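Peer 1:
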Amino acid sequence: MDMEEDSPSFIIQEQELQDEIVDIESPLYVGLSPDKVWDHNVAYDRRFCYNHGETEYLLGTADRWMSPRDFDIRDAEGALEAMLQKHKDNPSEFQPHSRRCQAECWGILFSHVHSVLDKRGDGDRHLFLVRWKACWTPESYIIDQDWIAASLEANKNPNCRRRPRVYFLAVQSTFQIIRGVK
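Here my numbering runs 3 ahead of the position in the sequence shown, where the first position is 1.
#1: Name the DSSP bridge partner or partners of His129?
#2: Pull up the distance between the alpha-carbon of Glu17 and that of Asn160, whole angstroms please.
#3: Assign Glu142 to one of three DSSP states: helix, strand, or coil.
#4: Do the stretch 124-133 and the stretch 143-150 make contact, defined as three or more Cβ pairs closer than 8 Å?
#5: Distance check for Ala85 and Arg49, CA to CA, integer angstroms please.
#6: Tell me which residue opens and which closes the alpha helix (DSSP H) that Gly81 is part of.
#7: Roughly how many whole angstroms lie between the Cα atoms of Ala152 and Val133?
#8: In chain order, what residues of the same chain lie with their CB nearer than 8 Å to the CB of Gly56, ignoring the 5 residues before and after it?
#9: In the DSSP output, what is Leu61 paired with across the bridge?
#10: Could you tell me the distance, in whole angstroms, from the CA atom of Lys39 to the CA atom of Leu112?
#11: Please confirm if the stretch 102-119 is in contact with the stretch 75-91, defined as three or more CB-CB distances below 8 Å between the two stretches.
#12: Taking just the CA atoms, how far does Leu61 sit from Asp149?
#13: What residues match up with Ala106 in a beta bridge as DSSP calls it?
#14: Less than 7 Å separating the beta-carbons of Cys108 and Pro141?
#15: Return the Cβ separation of Tyr53 and Asn158 in integer angstroms, given the expectation that the two are a contact with Cβ distance under 8 Å.
#16: From what residue to what residue does the alpha helix (DSSP H) around Ile151 run?
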């Protein structure tokens with residue numbers, strides 16, 4: 004299945020970060036940001052979270068170079084290596100509306116990793132390019148909400164049939180009224 008070049012999914016998957024020279028000392032490109040605020044760039048869906056008692060948004064974020072030390076799991080480097088090998092052997096398409104590509108609003112950082120795309124290193128220090136799952140994020144955690152409505156509209160789930168069914172029922176009812184059928 005080919006994606007259109009202008010679609011948000013295509014843009015996320017074809018990021019230029021993979022080919023850039025990475026300054027492994029720069030917090031702009033590597034690891035979590037110093038202020039621990041995620042750089043969300045796309046909104047896919049919304050729901051109400053009963054645990055938080057508020058609306059949550061399914062947000063996507065850019066791929067990011069990460070050190071194994073950023074993850075609080077035993078043998079993080081081995082786990083990242085395994086995910087990289089799995090991606091090389093059988094790359095999985097990122098589909099944010101699929102549950103396997105979503106992370107809940109809780110959980111450890113490693114549970115938010117969708118796949119590992121690349122590895123770079125110098126000496127003992129290695130970095131892995133991580134593709135993140137879309138994450139359910141409470142509304143109160145989002146600093147700037149102005150962009151969310153437009154992004155939700157642009158990234159609707161194409162498999163959602165609510166509108167066509169309503170439209171079909173409206174057309175069917177109109178047709179029955181015209182024909183005099185109750």
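Backbone N, C-alpha and C define an ideal beta-carbon position, used for all residues, glycine too.
The structure displayed is predicted, hence computed values, not measured ones.
Peer 2: Per the coordinate set shown:
#1: By 1-based counting over the sequence shown, the position of residue 129 is 126. For His129, which the question treats as bridged, DSSP gives the partners Gly124.
#2: To locate residue 17, count along the sequence shown from 1; it is residue 14. To locate residue 160, count along the sequence shown from 1; it is residue 157. Only weak support is given to the placement of Glu17: the predicted model assigns it a pLDDT of 39, under 50, and the question is left unresolved by the model.
#3: Position 139 of the sequence shown, counting from 1, holds the residue named residue 142. Of the three classes helix, strand and coil, the one that applies to Glu142 here is helix, per DSSP.
#4: no
#5: As a first step, residue 49 is located in the sequence shown; it is residue number 46 there, counting from the start. As a first step, residue 85 is located in the sequence shown; it is residue number 82 there, counting from the start. When rounded, the distance between both Cα atoms is 32 Å.
#6: The residue you call residue 81 lines up with position 78 of the sequence shown. Ala79 to Asp92 is the span of the alpha helix (DSSP H), which, as asked, contains Gly81.
#7: As a working mapping, residue 152 is identified with position 149 in the sequence shown. As a working mapping, residue 133 is identified with position 130 in the sequence shown. Their Cα atoms are separated by approximately 27 Å.
#8: Position 53 of the sequence shown, counting from 1, holds the residue named residue 56. Nothing listed; no residue qualifies.
#9: Within the sequence shown, the letter at position 58 stands for residue 61. BP columns for Leu61 point to Asp48 and Trp139.
#10: Counted from its first residue, the sequence shown places residue 39 at position 36. Counted from its first residue, the sequence shown places residue 112 at position 109. For Lys39 and Leu112, the distance between alpha carbons rounds to 12 Å.
#11: yes
#12: Here residue 149 refers to the residue found at position 146 when the sequence shown is read from its first residue. Here residue 61 refers to the residue found at position 58 when the sequence shown is read from its first residue. Each residue's Cα considered, the two are about 15 Å apart.
#13: Here residue 106 corresponds to residue number 103 of the sequence shown, with the count starting at 1. Note: Ala106 sits in a beta bridge opposite Cys138.
#14: Numbered from its first residue, the sequence shown carries residue 108 at position 105. Numbered from its first residue, the sequence shown carries residue 141 at position 138. Going by C-beta atoms, Cys108 is nearer than 7 Å to Pro141.
#15: Locating residue 53 in the sequence shown gives position 50, where the first residue counts as 1. Locating residue 158 in the sequence shown gives position 155, where the first residue counts as 1. About 24 Å; that fails the 8 Å criterion.
#16: The count along the sequence shown starts at 1 and reaches residue 151 at position 148. Here the alpha helix (DSSP H) through Ile151 covers Ile151 to Ala157.
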